[in-house]
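Below is one structure, written out as structure tokens, with a few remarks after it.
Here you go:
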């Protein structure tokens with residue numbers, strides 16, 4: 003049975019020339035058609051008020067605060083002392099580690115995201131080839147994901163300890179006696195990437211596996227009937243379907259990589275030198291350890307936020323293009 | 034006939050009125066937001082505690098924010114004693130040493146005011162006072178002869194507590210460094226305890242080379258934070274006869290002594306436990322107590338741990354000497370490395386009681402108990418403790434070296450507002466030199482430039 007409101011919307015009465023049909027003139031038109039009744043699906047804007055208030059509290063307030071800090075002389079002890087314009091930005095740019103940290107953060111996030119996504123995709127395909135259940139193997143693969151990053155850092159740091167570390171013997175056996183990855187800049191940075199990828203690859207595996215379950219079996223059968231082998235089936239049937247999901251996961255991994263902090267804090271403290279100072283750690287150093295320059299830290303936060311926005315927008319556009327291509 | 038135009042003046046007036054209203058509201062809103070946001074950082078009341086204030090500790094609960102290595106001193110030693118004497122309770126929060134000062138500032142400026150007493154680094158004193166995180170105790174201390182200020186070691190009392198003529202705490206942990214060595218390893222490789230940094234280098238290189246890497250000749254603490262790498266540098270700086278500031282308070286980081294001190298750190302690295310930049314307080318102590326390293330310049334209380342079979346494999350197998358000298362300097366001099374006072378938090382709701390606790394915790398009996406107990410992390414802050422036979426019995430063979438340092442004229446770190454930043458800037462440059470990214474003169478020239486920008 004059709005409700006009166008639906009009928010009114012679905013079959014508007016003929017309108018005189020020059021007058022828009024009922025239901026297209028404005029928001030009030032439909033309501034006037036059936037006084038006292040709301041259209042199905044219509045939700046009052048006021049119901050969004052609690053969410054908007056929460057958003058304002060959790061997002062707008064801190065953002066405004068950060069912007070104000072960034073344009074004022076602000077220390078940890080005395081925030082918002084006086085207007086300084088772009089001084090904090092200049093200080094950040096001229097500091098020892100900030101500009102380099104932006105490069106390191108991007109390199110870290112991009113390399114780690116690509117590696118984790120590639121490895122996670124491969125693992126998901128292998129698991130899917132075994133069947134449609136994640137199974138015990140899949141569950142074991144998830145263990146790094148549920149381990150707190152601090153514990154991951156502590157464990158890896160102990161294993162890579164140059165004296166008495168678990169990998170000392172391994173390095174000896176491989177012909178690298180005395181190897182100490184955390185002792186030099188490139189080694190420490192690479193080690194952090196490996197630890198991060200080890201922890202976050204399972205997330206990719208889990209999400210891509212779920213996406214693979216969404217590929218209709220009939221499509222695979224049709225491809226097989228047409229003579230397509232496993233590789234052709236993957237590239238022509240499976241990949242186009244899961245690509246938007248893979249790009250979503252890549253975006254997620256990118257954001258996780260840009261946010262990395264715990265590992266750096268626990269394993270290298272940004273060292274040796276400034277080799278592993280990523281931006282999140284540099285912001286912490288500037289504001290909370292050593293200088294207590296909260297204004298400069300806020301300026302660094304804004305620049306980093308802009309950079310993160312640019313990166314994530316690029317991946318989002320790629321994903322949108324993939325979705326259009328599939329659809 | 035042209036169509037009459039709408040009445041522009043009235044529209045314009047309306048628009049202007051609206052704009053004015055909006056801009057006024059926006060401006061007022063921004064000001065209000067700035068004011069209210071700034072006000073969020075309030076909550077501190079660091080006004081001076083008057084003379085004669087006497088808090089009652091009976092049944093009191095004191096909340097303390099303390100340095101992580103001091104945790105046992107409060108939980109296992111002071112806590113039970115406080116409960117027994119006053120029926121009170123200590124609630125202790127331990128913070129990693131590299132975050133202690135910032136956490137204390139945040140507690141007060143963030144408005145939480147959760148703590149009554151701060152165990153503070155003396156070189157953070159300027160930043161803490163600037164943040165109103167410490168209460169001015171000048172009059173309170175002057176008005177209570179029972180505190181026994183004359184007994185505090187002259188070498189640390191003013192450095193730890195006095196800023197711009199006002200006192201903000203009482204000395205709690207008289208931290209200096211000495212050089213510990215593994216006597217068994219020295220004997221095995223035919224090495225004598227060094228008196229100069231050159232002898233130290235030679236001993237380190239010989240032991241590391243002759244042992245084939247099974248024992249490292251030196252352990253160099255180089256973690257890139259002021260309280261670790263800063264100490265290692267300043268130890269050598271004092272040994273070479275240098276200082277951080279001259280008599281007028283100007284930085285002297287490019288002096289010959291400073292360059293020699295950093296060059297020494299760089300040169301000894303290949304013979305040190307790998308690698309200095311990866312070596313913090315815990316790693317260094319662990320390596321020395323397990324016999325992996327033969328020499329370690331560190332805080333004086335390590336001797337107590339070295340004699341504790343529960344934590345040491347070198348019981349009765351170690352020795353200690355004053356920090357070596359270098360260059361043309363022949364006078365042994367230690368430095369006030371880290372060092373702690375106890376102060377009353379500007380956010381405390383019971384400042385008189387907190388001050389009474391500070392007096393009790395820094396009294397002779399407590400200082401003796403803490404300084405004589407392995408694992409407390411506390412060294413003498415009072416002359417009566419340092420000179421007592423009982424403390425000498427506990428400190429054993431380290432006593433003479435400890436006394437020589439604390440009774441001398443140790444090199445002090447800056448402690449004005451921004452001193453923590455100065456030290457962080459310095460260790461950042463030192464770390465780049467240790468990493469091989471730049472040479473010692475370049476590193477120190479850059480640090481000098483930064484310091485000059487900050488303090489002239």
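Chains as they are written, first to last, in our numbering: chain V, 3 to 329; chain E, 34 to 489.
Quick reminder that beta carbons are idealized off the backbone N, C-alpha and C, glycines included.
Bear in mind the structure is a predicted one, so any value in this text is a computation, not a measurement.
How many angstroms separate the CA atom of residue i from the CA atom of residue j?
{"i": "residue 362 (chain E)", "j": "residue 444 (chain E)", "result": "14 Å"}
{"i": "residue 343 (chain E)", "j": "residue 178 (chain V)", "result": "35 Å"}
{"i": "residue 339 (chain E)", "j": "residue 91 (chain E)", "result": "37 Å"}
{"i": "residue 375 (chain E)", "j": "residue 152 (chain E)", "result": "5 Å"}
{"i": "residue 402 (chain E)", "j": "residue 205 (chain E)", "result": "12 Å"}
{"i": "residue 485 (chain E)", "j": "residue 105 (chain E)", "result": "40 Å"}
{"i": "residue 157 (chain E)", "j": "residue 320 (chain E)", "result": "29 Å"}
{"i": "residue 331 (chain E)", "j": "residue 259 (chain E)", "result": "14 Å"}
{"i": "residue 487 (chain E)", "j": "residue 99 (chain V)", "result": "18 Å"}
{"i": "residue 285 (chain E)", "j": "residue 460 (chain E)", "result": "15 Å"}
{"i": "residue 407 (chain E)", "j": "residue 115 (chain E)", "result": "19 Å"}
{"i": "residue 297 (chain V)", "j": "residue 88 (chain V)", "result": "10 Å"}
{"i": "residue 207 (chain E)", "j": "residue 425 (chain E)", "result": "16 Å"}
{"i": "residue 159 (chain V)", "j": "residue 473 (chain E)", "result": "29 Å"}
{"i": "residue 29 (chain V)", "j": "residue 306 (chain V)", "result": "Confidence in residue 29 (chain V) is poor, its pLDDT being 43 and thus under 50, which makes the residue's placement too unreliable to answer from."}
{"i": "residue 321 (chain V)", "j": "residue 143 (chain V)", "result": "27 Å"}
{"i": "residue 95 (chain E)", "j": "residue 314 (chain V)", "result": "49 Å"}
{"i": "residue 224 (chain V)", "j": "residue 325 (chain V)", "result": "22 Å"}
{"i": "residue 217 (chain V)", "j": "residue 175 (chain V)", "result": "45 Å"}
{"i": "residue 144 (chain E)", "j": "residue 119 (chain E)", "result": "29 Å"}
{"i": "residue 457 (chain E)", "j": "residue 257 (chain E)", "result": "8 Å"}
{"i": "residue 134 (chain E)", "j": "residue 148 (chain V)", "result": "33 Å"}
Whole-angstrom Cβ separation of residue i and residue j, contact assumed at under 8 Å?
{"i": "residue 174 (chain E)", "j": "residue 200 (chain E)", "result": "5 Å"}
{"i": "residue 281 (chain V)", "j": "residue 266 (chain V)", "result": "Between residue 266 (chain V) and residue 281 (chain V) the Cβ distance is about 10 Å, and since that is not below 8 Å, they are no contact."}
{"i": "residue 388 (chain E)", "j": "residue 377 (chain E)", "result": "5 Å"}
{"i": "residue 452 (chain E)", "j": "residue 295 (chain E)", "result": "Wrong, their Cβ atoms sit about 20 Å apart, outside the cutoff."}
{"i": "residue 268 (chain E)", "j": "residue 335 (chain E)", "result": "Between residue 335 (chain E) and residue 268 (chain E) the Cβ distance is about 14 Å, and since that is not below 8 Å, they are no contact."}
{"i": "residue 200 (chain V)", "j": "residue 258 (chain V)", "result": "At roughly 13 Å, the Cβ-Cβ gap does not stay under 8 Å, so residue 200 (chain V) and residue 258 (chain V) are not in contact."}
{"i": "residue 254 (chain E)", "j": "residue 313 (chain E)", "result": "7 Å"}
{"i": "residue 386 (chain E)", "j": "residue 203 (chain E)", "result": "Not quite, the Cβ-Cβ distance comes to about 15 Å (not below 8 Å), so this is no contact."}
{"i": "residue 454 (chain E)", "j": "residue 294 (chain V)", "result": "7 Å"}
{"i": "residue 228 (chain V)", "j": "residue 155 (chain V)", "result": "Incorrect: roughly 50 Å between the Cβ atoms, too far for contact."}
{"i": "residue 439 (chain E)", "j": "residue 209 (chain E)", "result": "6 Å"}
{"i": "residue 61 (chain V)", "j": "residue 300 (chain V)", "result": "No, residue 61 (chain V) and residue 300 (chain V) are not in contact; Cβ-Cβ is about 16 Å, not under 8 Å."}
{"i": "residue 465 (chain E)", "j": "residue 298 (chain E)", "result": "Not really, about 12 Å apart at Cβ, beyond 8 Å."}
Between the options, which lies nearest to residue i when the distance is taken from Cα to Cα?
{"i": "residue 370 (chain E)", "options": "E:271, E:323 and E:417", "result": "E:271"}
{"i": "residue 246 (chain E)", "options": "E:279, E:226, E:282 and E:324", "result": "E:324"}
{"i": "residue 249 (chain E)", "options": "E:303, E:129, E:141 and E:330", "result": "E:303"}
{"i": "residue 81 (chain E)", "options": "E:162, E:130 and E:102", "result": "E:162"}
{"i": "residue 317 (chain E)", "options": "E:137, E:165 and E:212", "result": "E:212"}
{"i": "residue 117 (chain V)", "options": "V:45, V:163, V:251 and V:168", "result": "V:251"}
{"i": "residue 421 (chain E)", "options": "E:398, E:310 and E:409", "result": "E:398"}
{"i": "residue 130 (chain E)", "options": "E:182, E:214 and E:261", "result": "E:261"}
{"i": "residue 91 (chain V)", "options": "V:106, V:233, V:79 and V:75", "result": "V:75"}
{"i": "residue 394 (chain E)", "options": "E:94, E:193, E:111 and E:350", "result": "E:111"}
{"i": "residue 184 (chain E)", "options": "E:415, E:192 and E:442", "result": "E:415"}
{"i": "residue 208 (chain V)", "options": "V:122, V:303 and V:101", "result": "V:122"}
{"i": "residue 228 (chain E)", "options": "E:125, E:354 and E:287", "result": "E:354"}
What residues are listed by DSSP as bridge partners for residue i?
{"i": "residue 100 (chain V)", "result": "For residue 100 (chain V), which the question treats as bridged, DSSP gives no partner whatsoever."}
{"i": "residue 261 (chain V)", "result": "None, per the DSSP bridge assignment."}
{"i": "residue 373 (chain E)", "result": "E:154 and E:206"}
{"i": "residue 284 (chain E)", "result": "E:278"}
{"i": "residue 127 (chain E)", "result": "E:99"}
{"i": "residue 211 (chain E)", "result": "E:331"}
{"i": "residue 229 (chain E)", "result": "E:358"}
{"i": "residue 239 (chain E)", "result": "Answer is none; residue 239 (chain E) lacks a bridge partner."}
{"i": "residue 326 (chain E)", "result": "E:249"}
{"i": "residue 305 (chain E)", "result": "E:251"}
{"i": "residue 199 (chain E)", "result": "E:196"}
Any heavy atom of the ligand SAM within a distance shorter than 7 Å of the CB on residue i?
{"i": "residue 216 (chain V)", "result": "By its list of ligands, the structure shown contains no ligand whatsoever, and the ligand SAM lies outside what it can speak to."}
Q: Tell me the start and end of each unbroken beta strand (DSSP E) in the segment 82 to 124 of chain E that is at least 3 residues and wholly inside, in chain order.
A: 94 to 100
Q. Along the chain, which unbroken stretches of the alpha helix (DSSP H) at least 4 residues long are found entirely within the segment 222 to 267 of chain V?
A. 232 to 235 and 241 to 260
Q: Please list the segments of the alpha helix (DSSP H) lying wholly inside the segment 345 to 398 of chain E, counting only runs of 4 or more residues, in order along the chain.
A: 384 to 394
Q. Which whole runs of the beta strand (DSSP E) in the segment 132 to 190 of chain E are 3 residues long or more, in chain order?
A. 150 to 154
Q.
In chain order, what are the residue ranges of uninterrupted beta strand (DSSP E) at least 3 long that sit wholly in the segment 67 to 150 of chain V?
A. none
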